[in-house]
Every structure is written in structure tokens, then in C-alpha cells.
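Asker: Encoded as C-alpha cells, here's the structure I'll be asking about.
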Amino acid sequence: MSFKTIIGLEIHTELMTETKMFCGCTNEFGGDANTHCCPVCLGLPGALPRINETAIEYAVKSGLALNCKINTSSQTDRKHYFYVDLTKGYQTSQAERPICEEGFIELEEVGKKVRIERIHVEEDTGKLNHTETGETLVDYNRAGVPLIEIVTRPDMSTGEEARLFLDKLRARLKYLEVSDVRMEQGSLRCDVNINIVDEERGLKSNISEIKNLNSFRAVEKAIEFEENRHKELLEAGKNTIKETRRWDESVGETILMREKGDSQYRFITEGDIGVLNVDEKWIEDIKNHMPELPAEKKSRFIKDFSLPEYDAEVLTQNKELANFYEKTVELIDDYSMVSNWIMGDVLRRIKDEELEIEETPLTPNLLAELLNLIKANTISNNVGKKVLRTLFETGKSPKQIVEEEGLSQISNEDELIEMIEKIISENEQSIEDYRAGKDRALGFLVGQVMKISRGKANPQLVSEKMKEKLDSLK
Amino acid sequence: MDITNISAYEMHEKFLNEEVTAVELVNAHLENMEKLKELNAFITINKEEALERAKILDEKLASGAEMGVLAGIPISLKDNISTKGIRTTCGSKMLENYIPPFNATVVELIEAEDGIILGKTNLDEFAIGSSTESSYFGATKNPVDNNLIAGGSSGGSTVAVKSRQMPLSLGTDTGGSVRQPASYCNVVGIKPTYGAISRFGVVSMANTMDQVGVVGRNVRDTSLLLKTLMKKDTRDGTSYKKSEEVLKNLDVNKNYDFKGIKVGVLKTIGDYKLDEIVARDFEKAVEMVKSLGGQVEEISMDSLKYAPACYHVLSTAEVSSNLARFDGLRYGYRSEKYETTEELFRNSRQEALGKEVKRRILFGTYVLLNENKKEYYEKALKVRRLIADEYSEMLSKYDVLMTPTTPTIPFELGTNSDNTEIQYNSDIFTVGVNLAGICAISVPFDKEEAAPVGIQFIANKFEEDKLIKAGLAFEGGNVDEL
């Protein structure tokens, strides 16, 4: 049987405005419960919303970065439902006339274009905190925080594509500085809509919506899980129901939350706000002040720094990383060396620690200092790696580490020859092997010298002198 | 001299001339409020703070400081206008003990001009109704005849003003809730243009139509308070800067007549019948306008016969939305019977909201369901457009339109409180104005008449000056000569 998987995503992103969507309350993550609240975001009787223009600007910016059409006239609507996280009995959102429509993100890696149906602005809801004693407390600090919801067309067909899309989306939003896009803090949330089509038999499963996805990895895994679940049901002559499911990370499965009926949100226009008019001139202005986006930066990196496409792609995925690279190459005249180091040891370290580059003690100045030490032969490449590790742990400068730990490379020939002679005298077998033409023996002997020098011997020089010595013994 | 028997203007002047103190003004009105308790015009009396404030004003005057234009005047507010530290009940069990932590903008404007907030007046629950009978705090009685309804929903405000418990009062008007009770109580009531007065802090009923309105015993007093409140408010996205210009240069001390004024007279809507007495007085009123120089022409407006139905669909839809926040969770009444939050919501609303409020919420919910929305809500939006367009066309030809404020005189208390048709139709001449977002004033035909009849003048958006002039001219005419 041949199955085709159809995936669409709905992404909620909190906007990093200073104040909330409709009032002057601080928009920041955390804080004591219910301290960033006022009559407006608490929905007290008589309180009226005032639109935060920066939120609209951020939505327009996001729309432009995702190739959307910006609607100069859009409308806010009330979406009604009863739930404790709502303060007004409705959420102010956009139903029929969203601010941005018809965009796309290109996934070059898989030769695909994922279309974006719409981006609309809305307000976040309060947050429920479940206590150990079984109580549920509501914190309305988040109520009224501006959000954009990005809805894609069902253009993805694998978890990997969804992941790629999300990576690119996150990179762009981060570049724009409209959101800090942190899934773990909930400033980026992603729901998946998925179903599969059995093309041979002309069957298709009903769409499942998956919620509670806390990481991109979870998105990928949940898609894989759902793909199989849908397939198995279709193969068994059954079908899925139209439902909302929750991803349970601990067991790696999705679990039924509720069946999806005909939703009755009773949308009406939010008369207290009226029509959202966005001036053409203002849009132009925003366009002209857009920061360089990942794709543009990538091309520039390839051109200006002669980097391979893959390297440029990796370095520009993240704005801070790209900035880090650019600042470092200003301080050291070796584009590919910097790129190799960042893409190798630096990124590995960051990934292991789950940190962002700006959260580590490493700065462009420190990295340049380290690489300059290597280039000047003060330390070897391998010692450099060791210094980097120490730097990450202690935050000390490379020069200080090298000095304190006595890691300067030994290039003094007399000193080296003394060590070479010691090794030769202790390894008669290897000398015979070398004479017998076994090149590996040379490597072994050099390694032994490096070992007793605790890695500080200049390896090129050791190799050269060792060869000379051995040849003279023939 | 009974100091409550003069106009707000005169009270203010006497206060400035030190003929009477603010404390005396407050006390005189408090005395009336005590005497006329049985009319049930007030839900909350702000006695202590008002006296405290009056004392401060007396001291301020003695110090020679410049006084605000409302200095010394006691003012009451319909109890759906938020007052910081003073409970604001909306006439509902739901908010029986709700004390707002903030002031409505209108409260701040009044206090900035040295007015004294003296009480919170009774209203139909959440301003939903036309008789002030649906208040959780009991019905308000009409001072003209205690057996009659006061009208509503701002019945407490109009009764307070008529019975000299207060010289000026604020109401709110969503479909006629200031003009209709003003008509029933023989006082002046004005509903300004949508967006003329800030709604911030005014509890929404149908938020695309709600406007704060002013009730006074004469047009001049009414315009004084109105002018103070017509200000752009940054906290209300639907308020307009334009509002501030409208009454700026209006001289209310001049004598006005109708010379050169084009008046479109609307006697009937569809085949709706007027009470005989209303029809008779309205005829006389038209004659008077003519005698005062008005260029009167009879008009008809076809779209208006749909206005009550259109209003009902749209206002209930908005009511169902605006009242969704009263769930008992964060403030207001909370049922003691619940296991789950859904039960908490349901039982709190079930126990604390009145019958008429529930009826409207249910109706509004119904018209917004997926399967009904197109047929009702969206159609009503189109009709609203038609009505607005027809008013706009008429008001391009005429300076003002003239209608009876209500088709009937007030009925007896308790007789029709559950008759939705009669209740809803009492708004037939007023609702169109709210649908179109324009302004209108109701002026008593004869302040002394036992059967109160109000005459409504309607003007285009931000033409409250025309209403005040028409009202002053009409008031200046001599009814007895007719």
C-alpha cells in the first residue's frame, strides 16, 4: 500500500513587546503570580482594550519575513468559550480578516515550498498551575500577552519536513527580534494537524490535532507516532476519529484529549477595537527597516567569506551565532578556521549543554585569542581544544589558561631531541619496524613523544626531527 | 427657599457666590433622598465621601482657588458606571458586592470639574430592560405617578432628577435607555453620538451601541454636564477627538428658535400605533415648532420598521458576549454548589443572573450559532447599515428629525414586566438612533402634564449642538398657548 502523509502546523508565538496587547501591563515571562495585571487584562467590568501598535508592527514584520500579503484593513474578533484561563469569556483574536495571508517558507533541502495560509494577532490566556495538593491556581500574568498564530497549509509530509519548517520559522522570528521563540518557556507553541491518504484505495484518515508538543524533537516524534497509528487503523479497515490528542513525552505516545465536534465559538467583531487599519506607507517603512534574514545572510556569507554552502547554512541558522562568527573573523584573518571551530567544538559544546552561544562564557574576542595562539604555534590544535573546554568551564581567557597550565608548545629543538632520544631508547621494536618499512611506527613514536610532553611538543617539529634521527640510525 | 428646586446652573452660581455651601447642597439633596426612599431611585448613596468632598470644595472656594464648571453640583451615576471604592452593582445579584478598583473616565471628568458624586442609581439588571423593574434591588417608581413605571433602563437616574433628589444624573443609552425614561419621567435626556463620551469604566451591555447619556431637568443643565464629558479618551479606542469641538462655541444663554431650521417629522413607523395622548401632544409639539419658525416637513423612513428586530438580534448577540465574563471566578457572586469549574460557572450564572438577562443571553447565543449566524446576526448587520444610510440621507436634508420619544405613556408597574413585545416596542423610535450611532435628545412636551410625553429630536453624528439648540428653543415655547 502507498500512503501519503499530510501535515499542517499551527504555531503560536508570543511577541516580545514591552507591554501587553491591550493594556500597559509589563509583558515579561515569570514574575509573582497575578502581579502583571490590571483591570483591562483581568477583564473587569467596564475596562476597555487599547491596541498595542508595536504588536501590530511585529505581526507585519513577521508577515513580511514569511512572504505574506499584508492586509491594510483587518479586523479583531471575539472568540467565545468558557474556561478559567479566560478573563472575559472570550479571547480577542482575528477570525475572518487576519492581518497577514498567503505566505510561504522555502525548504531548499527537500525542494519544497510550505505555504502559509494566514498569520493573525491575538491575546494569550492565563496560565494554570497545578499544585501538589491537587489545587489548580490561575496566574493571569500571561493573560493579554500579544501572540501571533501562524497557520500553514497542509504541505508537509514527514516529521523531518515539519522540523525543517520550524527551524527556519524560528530562525526568522528570532532574526526579527519579535519573539524569543522559546518552546520550553511557551513563547513558541506548535500544534500539528495530521492525516494520511491511502492513494491506492482512495481512503483517507480523519485529521488529528496534536497538542502539548514541547520541543521540535517532540513534533517530529509525535508525527512519526501518528503516521503509524493512522496507517495501522486504515490497514485494519478502520479509521481515526476527528480528535484532539496530547503528546505524552514520557511514554512517547499521543493520548486522546477530546473528540472534535463542530466548534461553536460565536465569533463577533470586537467593537471596542474596530477595524485594524495598517497604512501602506507604514508597511513600506517596516519593509525598509527589516533586518537581514537567514537566507540573505547565508548568501552573503558564501560570497564574503568563501564558505561552503553547508557551513554558511549552519552559521546563519541562528542570528547570535552568525553575529558571533562575523565578529570573530574581524579579529582573525582565517574565515574557514573560525568556521570550522565554531561548527565543530563550539557548537558541540552548546548542543550538549543546551545553551545559546550568548549564554556561554565564550566571546568572539576569546575565540579569536585562542585561534591566534594556535596560528602562532604557541599551542597545538589539540591543546587548543583542551583550552576551549577549560574556557567553557572557568570562563578564563585562553592566554591565562595556557599560562596557568603551562601548555605553551615546546619548539625548542634541544628539548625535543632529548625527548626523542629517550623514546627511541625505550622502543627498540618500533625502530626495527620502522627499518622494516612500517610507516606506522613513526606515528607511534611521535605519539609517545607527545605523550611525555603532555601534548605540548610541536607535533610537526617532533615528526620532522624523529624522522631525521631514525634515518640517521639506519 | 428649597435649594433642590433650582437648576444645576443656579446651584453652581449660588455656590460660587457663597450664597450656599457645597455641604448644604449635599445635605439638602440627602434629605430629599431620605424622604423619597420609597421611589427606590438609588442603590447606593455615597453620603460620607460626598460630604467629605463638599467640605473640601467649600475650603477650596474659601481659599480663592479657581473652581471647576461643575463645582458644588451633586451628581448621581447609573450603577453600571464604575466608581473606585464604591460598589457598582449593575442592578444585579452577580455584582451585589463588587467594588471596582478604578474609576470610569466620566467619574474622573466630573471630579476634575469639582462635581460631587452623591449616589448610584437603580437600573434594569445590566441595563437590560425598559422599565427598571428587572433590578435585583427592586423596581423604581415614577414620581409623576407612583403606580407607573419609571421607564428604563436608566429609570433611577431620571426619577432622581425629576424628584429633586439630584439635579443631574448620568445614565446609559443602548436602545433608548436614557431618552425613554426621561420621557416617562418628564425630564430631559440626551444620548450623544457613539464615541462622544468615553465608555471606559462603563459596564458594557451592547458595546457597539452603548453611550453614556445625561439627564437633567432642563436643556441648559443637561448641556453643562454633557459638554464636560465630551472628550476624547485614550483609554477608549472608540472615542473621538472631534467630540471636543461640538459644544465648544455654543452659547446656552441665548434665546433660540426654529427659524431657518429644517425639521423632518416622523410620526409613524410602519403601521405601529401611537397612544392617543402621545399622538395628540406630538401634533401640538409640531405646531409649536412651526410657530417658532421651523420649516417642517413630514417624512417616512422605511427601514425603521425593522429597527426593533435588528436591534434585538445585534444587542442580544453583544449582551451574550459582554456578559460572558461574569462567571463567578474572579469577582462577583459565586455559587456554593459546585464540584467542577464548569459547575461553578453554570451555577453562579444560574443563581445570580435575572430572568430577562438570561433570556437575552440565550437569544444572543442562539443568533450566533454556526447554523444561525448568517440568517440572524449577519442579516441584522446588513439591516443596520440600511438604517444608518437612511438616517444619513434624511439628515443630509434636514437639520433635525422630530419624533415622539416613545409610542406610549408609561404603563403601570408590574403589568407588563414579562411582556417582551410591549417592552421591546417601547424603544421603536429610539433604537434606530443607536444602530446608526447618531445623537438624540428627549425633551418633555409639558413638564407639568400628568401623562408624560417626550419629544425626540435627532441629529447627525457630532451635532449635539443642534440638539441643544432645538431643545432650548422647544423648551422656550409656550405649551399653554397651543
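Going down the list, the sequences are from chains A and B.
For the first sequence, the residue numbers in the working numbering are 619 to 1092.
For the second sequence, the residue numbers in the working numbering are 93 to 574.
All C-beta atoms in this analysis are idealised placements derived from N, C-alpha and C, irrespective of residue type, glycine included.
Because the structure is a prediction, the values reported are computed rather than measured.
(1) Quick one: Cα of Thr300 (chain B) to Cα of Asn983 (chain A), how far?
(2) Which residues does DSSP pair with Gly308 (chain B) in a beta bridge?
(3) So, with DSSP's three-state summary, where would you put Asn941 (chain A)?
(4) Can you look up Tyr708 (chain A) in the DSSP assignment and give me helix, strand or coil?
(5) Using a C-beta cutoff of 8 Å, does Thr264 (chain B) count as contacting chain A?
(6) So, is the C-beta of Ile660 (chain A) closer than 8 Å to a C-beta in chain B?
(7) Just to confirm my understanding: we take Thr635 (chain A), look at its own chain, exclude 5 residues before and 5 after, and list those with CB closer than 8 Å. What are they?
(8) Hey, is the segment 293 to 313 of chain B in contact with the segment 94 to 113 of chain B, meaning 3+ C-beta pairs nearer than 8 Å?
(9) Quick one: Cα of Glu1117 (chain A) to Cα of Lys622 (chain A), how far?
(10) Whole-angstrom Cβ separation of Asp742 (chain A) and Ala761 (chain A), contact assumed at under 8 Å?
(11) Beta carbons nearer than 7 Å to chain B: which residues of the segment 689 to 719 of chain A have them?
(12) Does Arg733 (chain A) have its Cβ less than 8 Å from a Cβ in chain B?
(13) Apply the 10 Å Cβ neighbour rule to Glu632 (chain A) and answer buried if 16 or more other Cβ atoms are within range, or exposed otherwise.
(14) Measuring only between beta-carbons, confirm whether Met112 (chain B) sits less than 8 Å from chain A.
(15) Could you name the residues of the same chain whose beta carbon sits closer than 6 Å to that of Gly308 (chain B), not counting the 5 residues immediately before and after it, in chain order?
(16) Taking one C-beta from the segment 393 to 408 of chain B and one from the segment 475 to 490 of chain B each time, how about it: are there three or more such pairs within less than 8 Å?
(17) Rounded to the nearest angstrom, how far is the Cβ of Ala583 (chain B) from that of Leu384 (chain B), given a contact under 8 Å?
(18) Whose C-alpha, out of A:Asn824, A:Arg918, A:Tyr699, A:Asn813, is nearest the C-alpha of Ile886 (chain A)?
(19) Looking at the C-beta of Gly892 (chain A), does it have a partner C-beta in chain B at a distance below 8 Å?
(20) Whose CA, out of B:Ile479, B:Leu117, B:Gly456, lies closest to the CA of Tyr469 (chain B)?
(21) Start and end of the alpha helix (DSSP H) containing Met1037 (chain A)?
(22) Just verifying my parser: in three-state terms, what is the DSSP assignment at Arg807 (chain A)?
(23) Can you name the start and end residues of the beta strand (DSSP E) that Val739 (chain A) belongs to?
(24) Quick check on His654 (chain A): does DSSP put it in helix, strand or coil?
(25) In angstroms, rounded to a whole number, what distance separates the CA positions of Ala399 (chain B) and Arg476 (chain B)?
(26) So, does the CB of Thr433 (chain B) fall closer than 8 Å to a CB anywhere in chain A?
(27) Is it buried or exposed for Ser222 (chain B), if we count other Cβ within 10 angstroms and need 16 for buried?
(28) Can you tell me which residues form a DSSP beta bridge with Asn1076 (chain A)?
(29) What residues match up with Ser691 (chain A) in a beta bridge as DSSP calls it?
(30) Quick one, are the C-beta atoms of Ile547 (chain B) and Phe374 (chain B) less than 8 Å apart?
(31) Taking DSSP as the reference, what is the three-state secondary structure of Gln882 (chain A)?
(32) Let me make sure I understand the geometry here. Which of B:Thr360, B:Asn341, B:Gly230, B:Phe537 has the alpha-carbon closest to that of Leu505 (chain B)?
(33) Check each candidate in A:Arg715, A:Lys792, A:Asp650, A:Arg790 and name the one with the smallest Cα separation from Lys745 (chain A).
(34) Taking Asn414 (chain B) as part of the beta strand (DSSP E), name the residues at either end of that continuous run.
(35) Helix or strand or just coil, what does DSSP make of Gly889 (chain A)?
(36) Name the two residues that bound the continuous beta strand (DSSP E) containing Ile167 (chain B).
Answerer: Reading off the structure:
(1) 60 Å
(2) DSSP lists B:Leu260, B:Val280 as partners of Gly308 (chain B).
(3) helix
(4) strand
(5) no
(6) Sequence inspection shows Leu at residue 660 (chain A); the Ile mentioned does not correspond to that position. Among the residues facing chain B, Leu660 (chain A) is included, as its CB has a counterpart in that chain under 8 Å away.
(7) For Thr635 (chain A), the CB contacts under 8 Å within the same chain, skipping 5 residues up- and downstream, are Asn645, Asn670, Thr672, Ala673, Tyr676, Pro764 in chain order.
(8) yes
(9) Since the displayed chain A opens at 619 and closes at 1092, residue 1117 (chain A) lies outside it and no answer follows.
(10) 7 Å
(11) Arg696, His698, Phe700, Val702, Thr705, Lys706, Gly707, Tyr708
(12) Not flagged as an interface residue toward chain B: Arg733 (chain A), since no C-beta distance is shorter than 8 Å.
(13) Taking a 10 Å sphere around the C-beta of Glu632 (chain A), we find 16 or more other C-beta atoms and assign the residue as buried.
(14) Per the sequence shown, the amino acid found at residue 112 (chain B) is Val instead of Met. Judged by the 8 Å Cβ criterion, Val112 (chain B) is not in contact with chain A.
(15) Leu260, Val280, Thr314
(16) Taking 8 Å as the limit for Cβ pairs, the verdict is that the segment 475 to 490 of chain B does touch the segment 393 to 408 of chain B.
(17) Given a span of 93 to 574 for chain B in the structure shown, any question on residue 583 (chain B) remains unanswerable.
(18) A:Tyr699
(19) Proximity of Gly892 (chain A) to chain B, defined by a Cβ-Cβ separation below 8 Å, is satisfied.
(20) B:Gly456
(21) 1031 to 1044
(22) strand
(23) Looking at the DSSP string, the run of the beta strand (DSSP E) that includes Val739 (chain A) is 730 to 741.
(24) Reduced to three states, the DSSP call for His654 (chain A) is coil.
(25) Looking at the two C-alpha atoms, the distance is approximately 8 Å.
(26) yes
(27) Under this definition Ser222 (chain B) is a buried residue.
(28) None, per the DSSP bridge assignment.
(29) A:Asn895
(30) Phe374 (chain B) is positioned such that its CB atom lies closer than 8 Å to that of Ile547 (chain B).
(31) coil
(32) B:Gly230
(33) A:Asp650
(34) Here Asn414 (chain B) belongs to no beta strand (DSSP E); instead the alpha helix (DSSP H) covers 399 to 414.
(35) In the three-state reduction of the DSSP assignment, Gly889 (chain A) falls in the coil class, being assigned neither a helical nor a strand state.
(36) 166 to 170
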